[in-house]
Structures are given as structure tokens and as C-alpha cells.
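Following: one structure in C-alpha cells, then a few remarks.
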Amino acid sequence: MIKRLLALRETRRDEKMLDEVVTIPVTKYTDETLLQREIDSAFSHYPLIAGHSSALGEPGAYLTSDWDRFPYIVVRGEDGRVRAFYNQCRHRGARLADQPSGTVQNFICPFHGWVYGLDGALKGITRSHDFPGVKTCDYGLVELPATESGGLIWVGRTPGEELDIPGFLGTFHDDLVNFDVASLVRYKKTKVVKEANWKLLIKTYLEGYHVPYLHRDTLAFAFKKGVIAHDEDGPHIRLSAARTNIGEITLKAEEEWRILDYASVYYTLFPNTFFILHPDYVSINTFWPLAPDRTVWTHEMLYRDGDFPGSKGQSALAKRFEFTNDTVFDQEDFAIAENVQRSLLHGGSDHHVLGLAEGLLAMFQNTIDERLTDPDADTPTAPTTPSPPRPRDSPITGTRAPTTPTTNDRTALMTTDLTGFAHGIFKAQPFSVFLGAELTSVGPDSAEIRIANRPEIQQQHGFVHGGVLSYLADNALTFAGGLALGGDALTAEYKINYVRPAVGEVVIARAKATATTRRQAVCQCEIHVVSEQGEERLVAVAQGTIVSAGKQQD
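Rendered as C-alpha cells:
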């Protein structure tokens, strides 16, 4: 995958998706009868994601459906197994659980008190003498297919069926396993009704054409325009978008290449899930149709517990979620989908036209349309002559390298590889490059910068020049403060005290935010020199006030 992206970088073009421009009728987004056919086919014959396995962390933990058209309960039993049932008492149909999640010992009907075990068995009927001949063994909850695979909980709509998730996802299942999605934990989940067709919402993700325009103030700078590769496996699509630092990968040996350091990888898992892999977290978006112009959207963020330690780490995670969920998804991607939906209701064009770089939209639409007549279809085809097939590869391979949140730029909130971008931003500073400085470590509120000692940075007595030490303090303080503030930052003031002459092989500045408000951070820095024997000596200390230079995510 990385080699494909590097090749595309040279030509400045996406991989070919279509041979010619195609059109899609706007009735695909407005027709009530068509929507019901989509629900009866795409949403009835394929496994659906109920949530992440960590949501059912103990026996009795349960989740309920986000979609009223398919009311289920998923619960972990005493035996550790995940089971799914219709969320419906067998007496007179009352819902057993109304909360999105919880933990119970039994399910008790709120209407008449019938009791069901975690295995769905009817354990008790109140006033059982009024039900002569009714056997508890005949009135257990109606069980649905359910399984755990790839770290996710899957549910099917047809009782008695077996769910084969590795077979359903194909090579993309390997990506979930290799990324170790199962080891993540849930941070937060939101549920919102959007005033747009479910397909319009998903299609927002299926091209990079819009990024320089719709996301010009948020994501555009982070991606190489026109460098997108894609793969299909059955009805599923994987899209890989190169980021601006992808050229740096050529400086590493191939065995050290990790795609998530240089690209964002997006999966459209049929029928209704959009799944985004990042180095230290995952976003799962699902879309549940209510009407042609109304859709339930859920967003669940998962993360690796060790990547966001302590209160500072959790604060950084909260800002990441708010930026991704509230700004990028809600205010940009889905706001424009709602904009389009409103325009469809009042005449004008009767079709949308798709360019060659928007072929995945046509592919997704065709996959849905095929299943209106053949629910068992398992291979999507483009509406026009497809491009020659490419060998499929799994970009998510090997053991994941540790990653940490990063820098004083707005990338601290981005849905991207923050560590890679910190180095990219640092290398974009001409003075840092001139001095030969290196950004060697970053954290949620800290930064480390090093410079190898050499004659060019020394004063007349052979000591590292005080101006170089001052630069190190200033830059390290600003990086640490920007990380803590979660956005663009500037140095308002700082003071440096020189403790002793700087003589050694390497000079290291380590800064950390010690107090943070919404708009400013107080940071402290120590500068050490390292001798040939590896011993460190303190040569300077500094303290500074770092202030926000841009809009923060509230």
C-alpha cells in the first residue's frame, strides 16, 4: 500500500476508479419505497455492528440497539459468551431494557414483572397460577445470531443463522486483528439524528476531492491532495489517504514502514459502518435509516489505555474527540450532507454527476442497488467498465509501534498520526533545521529537543552559545504548552537562567506544562548536556507562559 501511495505521489493522481463520468439519480436519496427496499435487503441479510467488545466487560453487561427498526439486547452471559435477543417480553411485548447500556443480574419486564436470565431463559412468571399450561421453557426470549470477532460485537437479524465475520470481511478482517482492535477500550459514544439520507452521510467519506475545500481550516493541510489508493473486498471498501509527511518514509528501511504513520486508513464496512484507524485510537461511525431524509448517526471512539495516561492524557483525549466528532464530522461532513438533502426537496437537477476521483461513491451505490434484487450478491461492480484489478494487500501488519500524542500545532486535535506530524512541523521550521535540532520526544504536555554540539554553535571559549540554549528553551516550552492547550500556541514570555557553561557531546532541552488554563499554560524547562560517558549535567533552567494562538475546542 505504501509503495502505491508513493507512486501516486509522483503522478499527483488518485488510483483510477472509473473509466468515465457517471451520474446518480437524486431519487436514491428521496424515495420512501426505495428506502424500505434497502432496509429489507442490505440491513436484513448482513451482520451489523452492535459495538466494541469492551462495552460488555463483565457478565450481565448489556447494550441495546441504536435503531428502533431492529430492537435487540446484546448481553454477556455468566459463561462469558455474548448473546443477542429481541428486546421484547414474550408476555405482551414490552421492552425489557430502555437504557443504551447497563449491567443486570436478570432482565425483568417493567410491565408485569416476568424475569429472564442472561441466557434468555424465562426464569419466572408473576402470578404463575393465572397461566395454566404455559411452560417457561417455551417462552424464553427470541434469540438472534451474535458473535465477537475482530474486537467487535456483531448481530444478525435472522434467528438461527450463523455469523462468519472473517468470511464476511475477507482481508479487511486481518486488518482489525493486526491492529489489535480487541485490546482497545471505549472512550465515548454519541448518538444524533441527522437530517440527511444514510447514503449521503456515508458517501461524504468516500472521496478526498472535498478535503481542500470543506476542511480547508481543519484537515486540508494534513493530506496530500490527490494521493488516495483504494481496495475492495466483497461489498467492503478500504481507502488510504496519504498525509503530507509520506515522503519522509523513504528515509527509513522498508521493514520499518508503518502505514498509519504516513496515511489515514478508512473502511466502509457494508452496509452502514464507516471505520477509521489511527495510530492511537479508532472511530466507528454507524448510520441507521429512519426516513429518506433522516438517519441515526452514532460515533464511538476507542483508544489504547496506555497512550493517554493520567488527567493530562484524558484531557487530550477529550479534545481529540470533540474536534473529530463536533467539528470535522458534525459541523463539516454531515452539515454539508444535510445541506445537500435540503436542496433535493425543491427541484433543480434530477441527478448528481461523479468525476473519475469519485468512483467509490458509484461503487458503493451499485453495491446497494445489486442487493435490492439479489440479497446474496457478494461482489460490488462499478456502474461503468471497472479499472483493471489490483492485488489486495493488508496495510496493517506487524506489531504496532508505541505512539504518543503531539505538538503545538492544531494537529494535536487532528484525526491523524500526531507523532509524525510533530516531526513534520518541527522540520518545517527553517531555524531549527539550520541549527540541526531534533524533536526527539513528545507527550500530551511535554517535549524534548536535542542538538549535537559542534563548533558552529559555540562561542569563543568553546561553550555552547547562550543564544542556542535560549532557542532550545523557547521552542521546547512552546511545544509543551501547545500540546497541553490542544492547539496553536505562542510564547508570551519566558525567562532563562544559565547554571554553568554548556560543554558536552549533546544538548537536551526537556519541557513540561505545569499549570494549564483554557487559554494559557505555564511551562518549565531544564537543559542538560551529555558527556561522552553518557552523564548528564544541568546547564540552564527556564520558565515561560505559553498562550493559545487560535480557536480552541470547547
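Residues in the sequence shown are numbered from 778 upward in steps of one, following my numbering. The beta-carbon is built from N, C-alpha and C at its ideal position, and this holds for glycine as well.
Through-space distance from residue j to residue i, alpha-carbon basis
i, j, result
"residue 1296", "residue 1259", "10 Å"
"residue 1235", "residue 1284", "12 Å"
"residue 842", "residue 983", "26 Å"
"residue 847", "residue 991", "34 Å"
"residue 1036", "residue 987", "23 Å"
"residue 859", "residue 1309", "58 Å"
"residue 897", "residue 976", "35 Å"
"residue 866", "residue 903", "13 Å"
"residue 1071", "residue 1145", "18 Å"
"residue 1204", "residue 1001", "17 Å"
"residue 1303", "residue 1319", "6 Å"
"residue 1067", "residue 1054", "28 Å"
"residue 807", "residue 1141", "17 Å"
"residue 955", "residue 804", "40 Å"
"residue 1301", "residue 1138", "50 Å"
"residue 849", "residue 1027", "49 Å"
"residue 862", "residue 877", "15 Å"
"residue 980", "residue 787", "27 Å"
"residue 1032", "residue 1311", "29 Å"
"residue 1326", "residue 1257", "14 Å"
"residue 851", "residue 1065", "17 Å"
"residue 891", "residue 868", "8 Å"
Same chain, Cβ closer than 7 Å to residue i, neighbours up to 5 away in sequence not counted
i, result
"residue 933", "824, 921, 922 and 940"
"residue 942", "824, 924, 926, 927, 931 and 950"
"residue 1135", "984 and 986"
"residue 894", "883 and 900"
Coil, strand or helix - residue i by DSSP
i, result
"residue 1230", "coil"
"residue 828", "strand"
"residue 914", "helix"
"residue 1078", "strand"
"residue 989", "helix"
"residue 1304", "strand"
"residue 891", "coil"
"residue 803", "helix"
"residue 1241", "strand"
"residue 1147", "helix"
"residue 1142", "helix"
"residue 1114", "helix"
"residue 1209", "helix"
"residue 1049", "coil"
"residue 1025", "helix"
"residue 957", "coil"
"residue 1218", "strand"
"residue 1275", "strand"
"residue 1108", "helix"
"residue 1062", "strand"
"residue 1176", "Below a pLDDT of 50, predicted positions are generally treated as unreliable, and residue 1176, at 31, falls in that range; no measurement from the model is reported."
Neighbourhood of residue i by C-beta, 8 Å cutoff - its chain only, sequence neighbours within 5 removed
i, result
"residue 1058", "961, 964, 1078, 1079, 1080, 1081, 1084, 1094 and 1097"
"residue 970", "1067, 1071, 1072, 1073 and 1074"
"residue 879", "838 and 839"
Option nearest residue i by Cα separation, candidates the options
i, options, result
"residue 1316", "1286, 861 and 1106", "1286"
"residue 1108", "972, 1319 and 781", "972"
"residue 945", "845, 1112 and 1012", "1012"
"residue 1047", "816, 1227, 852 and 1271", "816"
"residue 832", "959, 864 and 936", "959"
"residue 1102", "1238, 1063 and 1116", "1063"
"residue 1132", "778, 788 and 796", "796"
"residue 1215", "1207, 1227, 1206 and 1314", "1227"
"residue 888", "802, 871, 810 and 894", "871"
"residue 929", "1032, 778 and 830", "830"
"residue 781", "1017, 1217 and 1150", "1017"
Residue i CB to nearest heavy atom of the ligand PLP below 8 Å
i, result
"residue 1126", "Only the bare structure without any ligand can be found here, which leaves the ligand PLP out of the picture."
Within-9 Å CB hit, residue i to chain D
i, result
"residue 1289", "Note that chain D does not occur in the displayed structure, where there is just one protein chain."
Whole-angstrom C-beta distance between residue j and residue i, which should lie under 8 Å
i, j, result
"residue 1250", "residue 1271", "6 Å"
"residue 916", "residue 874", "About 18 Å; that fails the 8 Å criterion."
"residue 1282", "residue 1307", "6 Å"
"residue 1210", "residue 1269", "About 25 Å; that fails the 8 Å criterion."
"residue 1042", "residue 785", "Not confirmed; about 15 Å, so no contact."
"residue 1219", "residue 1230", "With a Cβ gap of about 23 Å, residue 1219 and residue 1230 do not count as contacting."
Own chain, CB closer than 6 Å to residue i, minus 5 neighbours either side, in chain order
i, result
"residue 819", "1048, 1145 and 1148"
"residue 1321", "1254, 1268, 1271 and 1300"
"residue 802", "1128"
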